[in-house]
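*Asks:* In the working numbering, the protein residues as written are 4 to 269. Okay, here's the structure, questions in a sec.
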């Protein structure tokens with residue numbers, strides 16, 4: 004978003020800059036700002052909308068209350084990658100502007116060693132941010148048996164954004180198979196992302212859309228946050244229709260898909 008000339012205070016020095024960050028819907032963030040004269044702050048989502056951080060920023064309203072350091076909080080209205088814009092003006096004398104910010108993160112529940120149906124792992128956000136409906140749950144007769152007993156399938160259109168359910172590190176990705184679906188003979192021909200969450204657990208996101216890697220900003224080794232975009236749902240592999248399969252498992256010693264464990268979303 005360009006700095007509009009009519010919004011610049013007359014005969015003042017003005018500085019504009021931005022930084023890029025991944026924000027999570029409904030997550031609180033803390034900002035500390037220091038500006039001897041005026042400033043304003045807002046955020047603009049890539050390929051999306053914008054929202055005020057300071058009151059009226061998008062309408063050109065300047066704040067003049069941070070001669071000393073001022074701390075404030077804002078809540079992200081949506082998940083995704085945002086440009087955080089900050090501007091300041093100086094009426095005279097030496098100009099200074101300091102800004103620091105960080106996530107006001109709640110403590111995540113630990114991943115305990117013995118999850119059961121009555122005591123599942125918790126601390127996982129919705130992988131589709133509420134989109135879709137469950138077409139197959141734990142113990143589903145179609146394919147959620149044996150290793151895959153504890154898993155969820157969400158029926159969603161191809162191309163629906165998929166988000167990490169918990170902070171972690173991307174350890175494996177595959178993006179080579181078409182979205183043609185098929186029967187059990189295609190059971191190993193799916194695209195996926197695997198995220199390691201520590202304590203011996205990984206989350207898996209299966210049947211992703213072919214070509215998803217060119218549209219996301221992560222790779223193997225990337226650290227991701229809960230709610231960060233990691234792919235798009237598809238119809239690759241053993242699939243009777245477009246959907247997303249999610250699970251939490253312990254990998255085998257060789258690093259393959261291990262037995263799933265009970266976990267709760269939300």
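All C-beta atoms, glycine included, are put in the ideal place defined by N, C-alpha and C. The structure presented is a predicted model; accordingly, all values stated were derived computationally and were not measured.
Spell out a yes or no on whether the region 63–73 and the region 19–38 are touching, meaning 3 or more CB-CB pairs, one atom from each, closer than 8 angstroms.
*Replies:* Yes: at least three Cβ pairs fall under 8 angstroms.
*Asks:* If we count the other Cβ atoms within 10 Å of its Cβ and call it buried at 16 or more, is residue 210 buried or exposed?
*Replies:* As a first step, residue 210 is located in the chain shown; it is residue number 207 there, counting from the start. Flag for residue 210 reads buried.
*Asks:* Under the rule that 16 or more other beta-carbon atoms within 10 Å means buried, what is residue 1, buried or exposed?
*Replies:* Residue 1 is absent from the structure shown; the chain starts at 4 and stops at 269.
*Asks:* Run through the DSSP bridge pairs and tell me what residue 29 is partnered with.
*Replies:* By one-based count along the chain shown, residue 29 stands at place 26. Its beta-bridge partners do not exist; DSSP assigns none.
*Asks:* Starting from residue 103, follow its DSSP beta bridges and name the residues at the other end.
*Replies:* As a first step, residue 103 is located in the chain shown; it is residue number 100 there, counting from the start. Residue 103 pairs with 35.
*Asks:* Between which residues of its own chain and residue 112 is the CB-CB distance below 7 angstroms, once the five residues before and five after are set aside?
*Replies:* Here the question's residue 112 lines up with position 109 in the chain shown. If we look at residue 112 and ignore the five residues flanking it on each side, its Cβ neighbours are 125 and 126.
*Asks:* Taking one C-beta from the region 191–204 and one from the region 134–149 each time, how about it: are there three or more such pairs within less than 8 angstroms?
*Replies:* The region 191–204 vs the region 134–149: no contact.
*Asks:* In three-state DSSP terms, what is residue 193?
*Replies:* Position 190 of the chain shown holds residue 193. Three-state DSSP puts residue 193 in coil, outside helix and strand.
*Asks:* Note down the Cα distance separating residue 175 from residue 194, rounded to an integer number of angstroms.
*Replies:* Here residue 175 is taken as the residue at index 172 of the chain shown, counted from 1. Here residue 194 is taken as the residue at index 191 of the chain shown, counted from 1. The straight-line gap from Cα to Cα measures roughly 10 angstroms.
*Asks:* Relative to the alpha-carbon of residue 269, which residue among 136, 168, 17 and 246 has its alpha-carbon at the smallest distance?
*Replies:* Numbered from 1 along the chain shown, position 266 holds the residue referred to as residue 269. The shortest Cα separation from residue 269 among 136, 168, 17 and 246 belongs to 168.
*Asks:* Residues in its own chain within less than 8 angstroms of residue 181 by CB, not counting five upstream and five downstream?
*Replies:* Here residue 181 refers to the residue found at position 178 when the chain shown is read from its first residue. If we look at residue 181 and ignore the five residues flanking it on each side, its Cβ neighbours are 213 and 239.
*Asks:* Only counting the same chain, and skipping five residues up and downstream in sequence, which positions put a Cβ closer than 6 angstroms to that of residue 142?
*Replies:* Along the chain shown, one-based indexing puts residue 142 at 139. The answer, listed in chain order, is 152.
*Asks:* Reducing DSSP to helix, strand and coil, say where residue 260 ends up.
*Replies:* What you label residue 260 is simply residue 257 of the chain shown in a count that begins at 1. Coil at residue 260, not helix or strand.
*Asks:* Can you give me the Cβ contacts of residue 187 inside the same chain, cut-off strictly under 6 angstroms, excluding the 5 residues immediately before and after it?
*Replies:* Position 184 of the chain shown, counted from the first residue, corresponds to residue 187. Same-chain partners within the cutoff: 241.
*Asks:* Under a CB-based cut-off of 8 angstroms, is residue 237 close to chain B?
*Replies:* The chain labelled as chain B is not found in the depicted structure, where only one protein chain is given.
*Asks:* Between which residues of its own chain and residue 231 is the CB-CB distance below 8 angstroms, once the five residues before and five after are set aside?
*Replies:* Residue mapping note: residue 231 aligns to position 228 of the chain shown, counting from 1. The answer, listed in chain order, is 25, 27, 82, 166, 167 and 221.
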